[in-house]
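Below is one structure, written out as structure tokens, with a few remarks after it.
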Amino acid sequence: MDAWRKSSCSGPDDGNNCLEIANSPTHITIRDSKAPARATLTVRAGAFTAFVEALKGDYSTVTDFARLRG
């Protein structure tokens, strides 16, 4: 699995709180950057890609989606 990485949109204005992802050829693992030792969510790479593509239809970035949701 690759190293954890955080969105390039994460910055001081949001307290550097973000989701982090790590990927392998077949899976994407997601964790909360505020609590990296807690539970993670692992999904198939294809399912994650479909999720991100669906977001792009209505929002310019995942950050826009998060802001909309509050």
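Reading the sequence shown from the start, the letters are residues 245 to 314 in the working numbering.
Just so you know, even glycine gets a beta-carbon here, dropped at the ideal spot from N, CA and C.
Computed from a predicted structure; not experimentally measured.
- First through last residue of the beta strand (DSSP E) which encompasses residue 286: The residue given as residue 286 occupies position 42 in the sequence shown. 285-288 is the span of the beta strand (DSSP E), which, as asked, contains residue 286.
- Task: Check each candidate in 265, 290, 293 and 299 and name the one with the smallest Cα separation from residue 277.
- Result: To locate residue 277, count along the sequence shown from 1; it is residue 33. Nearest C-alpha to residue 277: 265.
- Task: Would you tell me roughly how many angstroms separate the C-alpha atoms of residue 279 and residue 262, rounded to the nearest one?
- Result: Here residue 279 is taken as the residue at index 35 of the sequence shown, counted from 1. Here residue 262 is taken as the residue at index 18 of the sequence shown, counted from 1. Between the alpha carbons of residue 279 and residue 262 lies a distance of about 10 Å.
- Item | Spatial neighbours of residue 286 in its chain, beta-carbon cut-off 8 Å, leaving aside the 5 residues before and after | The sequence position of residue 286 within the sequence shown is 42, counting from 1. If we look at residue 286 and ignore the five residues flanking it on each side, its Cβ neighbours are 271, 272, 273 and 274.
- Message: Rounded to whole angstroms, what is the Cα-Cα separation between residue 299 and residue 281?
- Response: What you label residue 299 is simply residue 55 of the sequence shown in a count that begins at 1. What you label residue 281 is simply residue 37 of the sequence shown in a count that begins at 1. Whole-angstrom Cα-Cα distance: 27 Å.
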